[in-house]
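Student:
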Amino acid sequence: MDCFSCSNQECVIKKNCRQEKLHPFIQKKATLRCKKGQSFIIEGSPVHGLYFVQDGKVKVAKTGLNGKEQIVRFTGNGETIGHRGFGAGQTYQINAVALENTVLCNFSSDTLHQMLLEVPTLTYDLMTFYAEELNRSETKVKKFAQMTVREKVIDALLYFNRKFGRTHDLLNLRLSRKEISDFAGTTEEQVIRTLSALRKEGLIETPGKRIAIKNVELLRKEISEHNYFLDS
């Protein structure tokens with residue numbers, strides 16, 4: 011799919027694709043198709059540009075102490091991956107894995123440098139994206155320091171709901187209990203216990219390995235004192 015017919019209106023490339031100066035660079039875009047579970051960025055590997063999710067879902071993670079994985083974000087259609095490596099070093103500082111069959115657009119570092127020099131509005135949009143990501147990262151650090159385990163799990167569930175939505179109450183994201191814990195900053199055992207408690211209270215259901223949120227407002231109310239987390 012070319013950028014002009016792409017439906018991802020929030021993609022920074024799509025936003026600027028009508029600008030004539032960008033047209034020659036769009037022709038240099040590469041398309042990558044990943045199967046569920048496939049890694050397309052490996053931590054420590056050489057930087058080879060930015061990726062944009064055309065269709066699919068991706069988890070982005072870093073390796074922490076004792077080799078433990080810490081999921082730093084999830085991305086969906088139109089979002090950018092690999093930005094922390096671009097312009098900041100020679101290697102990626104994250105891993106990126108497709109959570110389902112995913113189509114990615116890739117622009118090389120050299121192409122992106124030229125695009126940013128030629129199209130000021132693209133540069134501005136990317137700068138704004140970096141600022142928003144920095145704010146989210148700082149917010150998450152505060153969350154780890156101030157939230158209880160239960161609040162961290164609830165915050166993670168609300169984040170999944172905001173980002174990917176629900177169908178018949180079921181979250182449109184299939185994650186293992188370990189992946190939830192790696193994102194929430196807790197342990198798999200604590201996630202299992204918390205989900206069990208929330209299920210007994212009628213706030214969620216867990217059919218199979220899926221999670222259905224039954225009452226978003228009550229969950230939001232539980233972490234309302236941390237209101238600066240709700241939209242991060």
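The sequence shown: position 42 = 52 (this note's numbering), numbered continuously.
Even glycine gets a Cβ: it sits at the ideal position worked out from N, Cα and C.
Quantities reported herein were computed from a predicted structural model and do not represent experimental measurements.
With DSSP as the reference, label V57 as helix, strand or coil.
Tutor: In the sequence shown, counting from the first residue as 1, residue 57 sits at position 47. In this structure, V57 counts as coil in the three-state DSSP scheme.
Student: Just the Cα atoms here: how many angstroms apart are K152 and Y102?
Tutor: Within the sequence shown, the letter at position 142 stands for residue 152. Within the sequence shown, the letter at position 92 stands for residue 102. For K152 and Y102, the distance between alpha carbons rounds to 25 Å.
Student: Using 10 angstroms around the beta-carbon of R83, count the other beta-carbons present and answer buried if the total reaches 16, otherwise exposed.
Tutor: For this step, residue 83 is matched to residue 73 along the sequence shown. When all chains shown are included, R83 counts as buried.
Student: Using a Cβ-Cβ cutoff of less than 6 Å, which residues in the same chain neighbour S191 once the five nearest sequence positions on both sides are dropped?
Tutor: Numbered from its first residue, the sequence shown carries residue 191 at position 181. Cβ within range, chain order: T197, E198, V201.
Student: Is it true that the CB of C13 sits closer than 7 Å to the CB of Q64?
Tutor: Taking the first residue of the sequence shown as position 1, residue 64 is located at position 54. Taking the first residue of the sequence shown as position 1, residue 13 is located at position 3. Not in contact: Q64 and C13 (Cβ atoms no closer than 7 Å).
Student: Would you call the CB atoms of A1 and K162 closer than 7 Å?
Tutor: Here the chain comprises residues numbered 11 to 242, so residue 1 is not present and cannot be evaluated.
Student: Assuming S55 and A106 form a contact by the criterion Cβ under 8 Å, report the distance between their Cβ atoms to the nearest whole angstrom.
Tutor: Along the sequence shown, one-based indexing puts residue 55 at 45. Along the sequence shown, one-based indexing puts residue 106 at 96. 10 Å between Cβ atoms; not a contact.
Student: Taking only the alpha-carbon atoms, compute the straight-line gap between H93 and T112 and give it to the nearest angstrom.
Tutor: The residue labelled residue 93 in the question sits at position 83 within the sequence shown. The residue labelled residue 112 in the question sits at position 102 within the sequence shown. Distance between the alpha carbons of H93 and T112: 18 Å.
Student: Does the segment 210 to 230 come within contact of the segment 169 to 183, defined as at least 3 CB pairs closer than 8 Å?
Tutor: Enough Cβ pairs lie closer than 8 Å, so yes.
Student: Taking the alpha-carbon positions, what's the I233 to L144 distance?
Tutor: In the sequence shown, residue 233 corresponds to position 223, counting from 1. In the sequence shown, residue 144 corresponds to position 134, counting from 1. Roughly 22 Å separates the two Cα atoms.
Student: Can you tell me whether K72 is helix, strand or coil according to DSSP?
Tutor: Your numbering for residue 72 matches position 62 in the sequence shown. Reduced to three states, the DSSP call for K72 is strand.
Student: Pop quiz: F62 and I36 are said to be a contact at Cβ under 8 Å. What is the actual Cβ separation, rounded to whole angstroms?
Tutor: Locating residue 62 in the sequence shown gives position 52, where the first residue counts as 1. Locating residue 36 in the sequence shown gives position 26, where the first residue counts as 1. Between I36 and F62 the Cβ distance is about 12 Å, and since that is not below 8 Å, they are no contact.
Student: Does DSSP classify E79 as helix, strand or coil?
Tutor: In the sequence shown, residue 79 corresponds to position 69, counting from 1. Three-state result, E79: strand.
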